[in-house]
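J.:
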Amino acid sequence: MFTAAGFATAWEYISLFQQGLVCTISLSLLTVVFGFILALILAIARLSDIRPFRSLGLTADGRLREQGFLTVLSRFNPISFLATVYVEIFRATPMLVQLFIVYYVLLADVPLPSFKLFGFIRFERFFPGVVALSLNSGAYLSEIIRAGIQSIDGGQTEAARSLGLSQVQNMRFIILPQAIKNILPPIANEFVTIIKESSICYTIGVQEIMYAVSSIKGATYRIAEPLIIATVIYFCLTFPTSKIIAYFERRMSRGDKR
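Each residue of the sequence shown is one higher than the one before, starting from 298 at the first, in the working numbering.
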(Lines of atoms letter the chains of each structure in order from A; the text may use other names.)
(Lines give C-alpha, C1' and ligand atoms only; values in the text may rest on other atoms or scores of the structure.)
Protein backbone atom coordinates (compact mmCIF):
# COMPACT_ATOMS: atom_id res chain seq x y z
CA MET A 298 0.00 0.00 0.00
CA PHE A 299 0.91 3.66 -0.29
CA THR A 300 2.38 5.35 2.76
CA ALA A 301 3.62 8.84 3.51
CA ALA A 302 6.93 7.37 4.57
CA GLY A 303 7.15 5.54 1.26
CA PHE A 304 6.61 8.74 -0.73
CA ALA A 305 9.16 10.52 1.44
CA THR A 306 11.69 7.77 0.77
CA ALA A 307 10.98 7.85 -2.98
CA TRP A 308 11.27 11.64 -3.00
CA GLU A 309 14.85 11.34 -1.77
CA TYR A 310 15.66 9.94 -5.23
CA ILE A 311 13.97 12.78 -7.11
CA SER A 312 17.21 13.43 -9.01
CA LEU A 313 16.75 10.05 -10.72
CA PHE A 314 13.30 11.13 -11.93
CA GLN A 315 14.72 14.43 -13.15
CA GLN A 316 17.37 12.58 -15.15
CA GLY A 317 14.71 10.18 -16.43
CA LEU A 318 12.57 13.12 -17.55
CA VAL A 319 15.44 14.62 -19.56
CA CYS A 320 16.22 11.23 -21.10
CA THR A 321 12.57 10.56 -21.99
CA ILE A 322 12.14 13.93 -23.70
CA SER A 323 15.43 13.47 -25.58
CA LEU A 324 14.38 9.99 -26.73
CA SER A 325 11.00 11.26 -27.92
CA LEU A 326 12.32 14.29 -29.79
CA LEU A 327 15.04 12.35 -31.62
CA THR A 328 12.60 9.56 -32.44
CA VAL A 329 10.13 11.99 -34.01
CA VAL A 330 12.85 13.63 -36.12
CA PHE A 331 14.48 10.43 -37.41
CA GLY A 332 11.16 8.60 -37.59
CA PHE A 333 9.68 11.35 -39.74
CA ILE A 334 12.62 11.28 -42.16
CA LEU A 335 12.34 7.50 -42.47
CA ALA A 336 8.55 7.70 -42.80
CA LEU A 337 8.79 10.26 -45.60
CA ILE A 338 11.13 7.96 -47.54
CA LEU A 339 8.85 4.97 -46.96
CA ALA A 340 5.70 6.88 -47.96
CA ILE A 341 7.24 8.12 -51.21
CA ALA A 342 8.58 4.63 -51.92
CA ARG A 343 5.14 3.10 -51.45
CA LEU A 344 3.59 5.69 -53.77
CA SER A 345 6.30 5.35 -56.41
CA ASP A 346 5.65 3.94 -59.86
CA ILE A 347 8.96 2.22 -60.53
CA ARG A 348 8.27 -0.90 -62.60
CA PRO A 349 11.49 -2.24 -64.13
CA PHE A 350 9.66 -5.09 -65.88
CA ARG A 351 6.99 -2.88 -67.43
CA SER A 352 7.97 -3.90 -70.97
CA LEU A 353 7.10 -7.53 -70.25
CA GLY A 354 3.45 -6.53 -70.18
CA LEU A 355 3.51 -5.92 -73.94
CA THR A 356 3.14 -8.55 -76.60
CA ALA A 357 5.45 -8.79 -79.62
CA ASP A 358 3.15 -6.54 -81.61
CA GLY A 359 2.98 -3.91 -78.86
CA ARG A 360 -0.38 -4.73 -77.32
CA LEU A 361 -0.96 -4.97 -73.56
CA ARG A 362 -1.21 -8.45 -72.10
CA GLU A 363 -4.46 -9.01 -70.27
CA GLN A 364 -3.35 -11.77 -67.90
CA GLY A 365 -0.61 -14.25 -67.10
CA PHE A 366 2.64 -14.28 -65.15
CA LEU A 367 4.32 -11.67 -67.38
CA THR A 368 1.41 -9.29 -66.80
CA VAL A 369 1.80 -9.62 -63.04
CA LEU A 370 5.57 -9.23 -63.31
CA SER A 371 5.21 -6.10 -65.44
CA ARG A 372 3.20 -4.47 -62.65
CA PHE A 373 5.69 -5.41 -59.94
CA ASN A 374 7.25 -2.43 -58.14
CA PRO A 375 10.21 -3.66 -56.04
CA ILE A 376 10.64 -0.33 -54.22
CA SER A 377 7.00 -0.19 -53.15
CA PHE A 378 7.08 -3.90 -52.28
CA LEU A 379 10.09 -3.58 -49.96
CA ALA A 380 8.64 -0.49 -48.27
CA THR A 381 5.31 -2.28 -47.76
CA VAL A 382 7.04 -5.33 -46.28
CA TYR A 383 8.96 -3.10 -43.87
CA VAL A 384 5.85 -1.24 -42.74
CA GLU A 385 3.78 -4.39 -42.27
CA ILE A 386 6.51 -6.19 -40.30
CA PHE A 387 7.10 -3.31 -37.91
CA ARG A 388 3.39 -2.67 -37.45
CA ALA A 389 2.66 -6.35 -36.79
CA THR A 390 5.42 -7.17 -34.28
CA PRO A 391 5.82 -6.08 -30.63
CA MET A 392 7.95 -3.05 -29.86
CA LEU A 393 9.83 -5.02 -27.20
CA VAL A 394 10.91 -7.64 -29.75
CA GLN A 395 12.12 -4.92 -32.13
CA LEU A 396 14.06 -3.23 -29.33
CA PHE A 397 15.78 -6.47 -28.33
CA ILE A 398 16.65 -7.31 -31.95
CA VAL A 399 18.25 -3.89 -32.43
CA TYR A 400 20.16 -3.98 -29.14
CA TYR A 401 21.11 -7.65 -28.80
CA VAL A 402 21.44 -8.59 -32.49
CA LEU A 403 21.92 -5.73 -34.95
CA LEU A 404 24.11 -3.51 -32.75
CA ALA A 405 25.57 -6.22 -30.52
CA ASP A 406 28.94 -6.27 -32.28
CA VAL A 407 29.01 -2.58 -33.22
CA PRO A 408 31.64 -0.71 -31.14
CA LEU A 409 29.53 2.25 -30.07
CA PRO A 410 31.41 5.08 -28.33
CA SER A 411 31.09 4.95 -24.56
CA PHE A 412 30.31 8.39 -23.16
CA LYS A 413 27.51 10.10 -21.28
CA LEU A 414 25.08 12.67 -22.66
CA PHE A 415 24.23 15.45 -20.20
CA GLY A 416 26.59 13.72 -17.79
CA PHE A 417 24.35 10.72 -17.02
CA ILE A 418 22.79 9.21 -20.20
CA ARG A 419 24.92 6.29 -21.44
CA PHE A 420 25.20 6.71 -25.21
CA GLU A 421 25.85 3.01 -25.92
CA ARG A 422 22.39 2.23 -24.52
CA PHE A 423 20.62 5.43 -25.53
CA PHE A 424 21.52 5.11 -29.22
CA PRO A 425 19.98 1.62 -29.73
CA GLY A 426 16.83 2.90 -28.02
CA VAL A 427 16.59 5.82 -30.45
CA VAL A 428 17.20 3.48 -33.40
CA ALA A 429 14.53 0.99 -32.33
CA LEU A 430 11.93 3.67 -31.56
CA SER A 431 12.66 5.47 -34.84
CA LEU A 432 12.33 2.29 -36.90
CA ASN A 433 9.00 1.54 -35.25
CA SER A 434 7.70 5.10 -35.41
CA GLY A 435 8.74 5.42 -39.05
CA ALA A 436 6.44 2.54 -39.99
CA TYR A 437 3.42 4.20 -38.37
CA LEU A 438 4.25 7.73 -39.51
CA SER A 439 4.69 6.54 -43.10
CA GLU A 440 1.02 5.54 -43.22
CA ILE A 441 0.04 8.98 -41.91
CA ILE A 442 2.20 10.71 -44.52
CA ARG A 443 0.98 8.43 -47.31
CA ALA A 444 -2.63 9.17 -46.40
CA GLY A 445 -1.84 12.90 -46.34
CA ILE A 446 -0.27 12.78 -49.81
CA GLN A 447 -3.17 10.79 -51.22
CA SER A 448 -5.66 13.28 -49.73
CA ILE A 449 -4.42 16.01 -52.10
CA ASP A 450 -6.63 16.42 -55.15
CA GLY A 451 -5.16 14.67 -58.18
CA GLY A 452 -6.09 17.65 -60.30
CA GLN A 453 -3.22 19.59 -58.74
CA THR A 454 -0.75 17.05 -60.08
CA GLU A 455 -2.25 17.39 -63.55
CA ALA A 456 -2.00 21.18 -63.29
CA ALA A 457 1.66 20.89 -62.24
CA ARG A 458 2.42 18.69 -65.25
CA SER A 459 0.70 21.17 -67.55
CA LEU A 460 3.05 23.84 -66.17
CA GLY A 461 6.05 21.69 -67.01
CA LEU A 462 6.94 20.65 -63.45
CA SER A 463 8.65 17.31 -62.98
CA GLN A 464 7.32 14.68 -60.60
CA VAL A 465 9.98 15.64 -58.02
CA GLN A 466 9.15 19.35 -58.30
CA ASN A 467 5.45 18.61 -58.05
CA MET A 468 6.00 16.58 -54.89
CA ARG A 469 8.35 19.14 -53.34
CA PHE A 470 6.55 22.40 -54.10
CA ILE A 471 2.89 21.44 -54.39
CA ILE A 472 1.96 18.10 -52.81
CA LEU A 473 4.19 17.86 -49.72
CA PRO A 474 3.55 21.38 -48.34
CA GLN A 475 -0.20 20.77 -48.36
CA ALA A 476 0.10 17.20 -47.12
CA ILE A 477 2.33 18.17 -44.18
CA LYS A 478 -0.16 20.80 -43.08
CA ASN A 479 -2.90 18.14 -43.08
CA ILE A 480 -0.86 15.59 -41.14
CA LEU A 481 0.72 17.85 -38.51
CA PRO A 482 -1.88 16.96 -35.83
CA PRO A 483 -1.45 13.16 -36.28
CA ILE A 484 2.33 13.57 -36.24
CA ALA A 485 2.11 15.58 -33.03
CA ASN A 486 -0.10 12.88 -31.52
CA GLU A 487 2.55 10.35 -32.49
CA PHE A 488 4.97 12.36 -30.35
CA VAL A 489 2.66 11.81 -27.35
CA THR A 490 2.57 8.09 -28.13
CA ILE A 491 6.36 7.93 -28.34
CA ILE A 492 6.68 9.58 -24.92
CA LYS A 493 4.71 6.68 -23.45
CA GLU A 494 6.37 3.97 -25.54
CA SER A 495 9.85 5.18 -24.62
CA SER A 496 9.31 3.61 -21.19
CA ILE A 497 10.12 0.24 -22.72
CA CYS A 498 13.74 1.30 -23.21
CA TYR A 499 14.46 0.82 -19.52
CA THR A 500 14.72 -2.91 -20.32
CA ILE A 501 18.09 -2.26 -22.03
CA GLY A 502 19.32 0.13 -19.36
CA VAL A 503 18.33 3.49 -20.83
CA GLN A 504 18.04 5.94 -17.92
CA GLU A 505 14.50 7.12 -18.60
CA ILE A 506 11.62 7.44 -16.13
CA MET A 507 10.88 3.74 -15.66
CA TYR A 508 14.59 3.08 -15.16
CA ALA A 509 14.39 5.48 -12.21
CA VAL A 510 11.46 3.48 -10.82
CA SER A 511 13.41 0.25 -11.16
CA SER A 512 16.48 1.77 -9.49
CA ILE A 513 14.44 3.10 -6.55
CA LYS A 514 12.74 -0.27 -6.17
CA GLY A 515 16.12 -1.97 -5.95
CA ALA A 516 17.37 0.52 -3.37
CA THR A 517 14.29 0.82 -1.15
CA TYR A 518 12.22 -2.31 -1.90
CA ARG A 519 9.27 0.01 -2.52
CA ILE A 520 7.48 -0.02 -5.87
CA ALA A 521 4.04 1.57 -5.36
CA GLU A 522 5.19 5.10 -4.56
CA PRO A 523 7.82 5.33 -7.36
CA LEU A 524 5.19 4.11 -9.82
CA ILE A 525 2.75 6.81 -8.72
CA ILE A 526 5.44 9.47 -9.13
CA ALA A 527 6.26 8.10 -12.60
CA THR A 528 2.56 8.15 -13.50
CA VAL A 529 2.29 11.80 -12.48
CA ILE A 530 5.37 12.71 -14.54
CA TYR A 531 4.05 10.94 -17.64
CA PHE A 532 0.66 12.62 -17.17
CA CYS A 533 2.29 16.04 -16.85
CA LEU A 534 4.16 15.36 -20.09
CA THR A 535 1.38 13.92 -22.24
CA PHE A 536 -1.80 15.65 -21.07
CA PRO A 537 -0.69 19.28 -21.64
CA THR A 538 0.97 18.25 -24.91
CA SER A 539 -2.23 16.62 -26.19
CA LYS A 540 -4.27 19.72 -25.23
CA ILE A 541 -1.83 22.02 -27.04
CA ILE A 542 -2.05 19.78 -30.11
CA ALA A 543 -5.86 19.87 -29.98
CA TYR A 544 -5.78 23.69 -29.74
CA PHE A 545 -3.61 24.10 -32.82
CA GLU A 546 -5.67 21.50 -34.66
CA ARG A 547 -8.81 23.58 -34.06
CA ARG A 548 -6.99 26.71 -35.19
CA MET A 549 -5.89 25.03 -38.41
CA SER A 550 -9.41 23.71 -39.02
CA ARG A 551 -10.86 27.22 -38.71
CA GLY A 552 -8.32 28.45 -41.26
CA ASP A 553 -9.43 25.77 -43.72
CA LYS A 554 -13.09 26.70 -43.33
CA ARG A 555 -12.39 30.27 -44.37
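Yeah, the Cβ is synthetic: ideal placement off N, Cα and C, and Gly gets one too.
1. Is the region 499-509 in contact with the region 336-345, if contact means three or more CB pairs nearer than 8 angstroms?
2. Please report the distance separating the alpha-carbon of Leu355 from that of Gly365.
3. Identify every residue that forms a DSSP beta bridge with Lys413.
4. Let me check understanding here. Comparing Cα to Cα, which of Ser496, Arg548, Thr517 lies closest to Ser323?
5. Among residues of its own chain, excluding the 5 on either side of Phe556, which ones have a beta-carbon nearer than 7 angstroms to its beta-carbon?
6. Kindly indicate which residue of Gln466, Met298, Ala476, Ala405 has the alpha-carbon position closest to the one of Leu438.
7. Could you pull out every residue in the same chain whose Cβ sits closer than 8 angstroms to the Cβ of Ile480, ignoring the five residues on either side in sequence?
8. Near Phe545, what residues of its chain come up, given a Cβ to Cβ distance below 8 angstroms and the 5 sequence neighbours on each side ignored?
9. So, with DSSP's three-state summary, where would you put Leu393?
10. Along the alpha helix (DSSP H) that carries Ala516, what are the first and last residues, could you check?
11. Smallest Cα separation from Leu351: which of Arg372, Ser345, Glu363, Ile449?
12. If I'm right that Arg241 touches Gly303 with Cβ under 8 angstroms, what's the distance once you round it to whole angstroms?
13. Just the Cα atoms here: how many angstroms apart are Ser377 and Ile526?
T.: Quick look at the numbers:
1. no
2. For the purposes of this step, residue 355 is taken as residue 58 along the sequence shown, with counting starting at 1. For the purposes of this step, residue 365 is taken as residue 68 along the sequence shown, with counting starting at 1. Their Cα atoms are separated by approximately 12 angstroms.
3. Within the sequence shown, the letter at position 116 stands for residue 413. Arg419, per the DSSP bridge assignment.
4. Indexing the sequence shown from 1 puts residue 323 at position 26. Closest option to Ser323, Cα to Cα, is Ser496.
5. No statement about residue 556 is possible, as the shown extent of the chain runs from 298 to 555 and does not include it.
6. Within the sequence shown, the letter at position 141 stands for residue 438. Checking every option, the nearest Cα to that of Leu438 belongs to Ala476.
7. Start at 1 with the first residue of the sequence shown, and residue 480 comes out as number 183. Counting only Cβ-Cβ distances below 8 angstroms, and skipping sequence neighbours, we find Ile441, Ile442, Ala444, Gly445.
8. Working through the sequence shown from its first residue, we reach residue 545 at position 248. Excluding residues within five positions, the ones whose Cβ falls inside 8 angstroms are Leu481, Pro482, Ala485.
9. As a working note, residue 393 is residue 96 in the sequence shown. If DSSP states are grouped into helix, strand and coil, Leu393 belongs with the helices.
10. The residue you call residue 516 lines up with position 219 of the sequence shown. Element bounds for Ala516: 506-517.
11. Working through the sequence shown from its first residue, we reach residue 351 at position 54. Checking the displayed sequence, the identity of residue 351 turns out to be Arg instead of Leu. The shortest Cα separation from Arg351 among Arg372, Ser345, Glu363, Ile449 belongs to Arg372.
12. This structure cannot speak to residue 241, because the chain is shown only from 298 to 555.
13. In the sequence shown, counting from the first residue as 1, residue 377 sits at position 80. In the sequence shown, counting from the first residue as 1, residue 526 sits at position 229. Using only the alpha carbons, I get a separation of about 45 angstroms.
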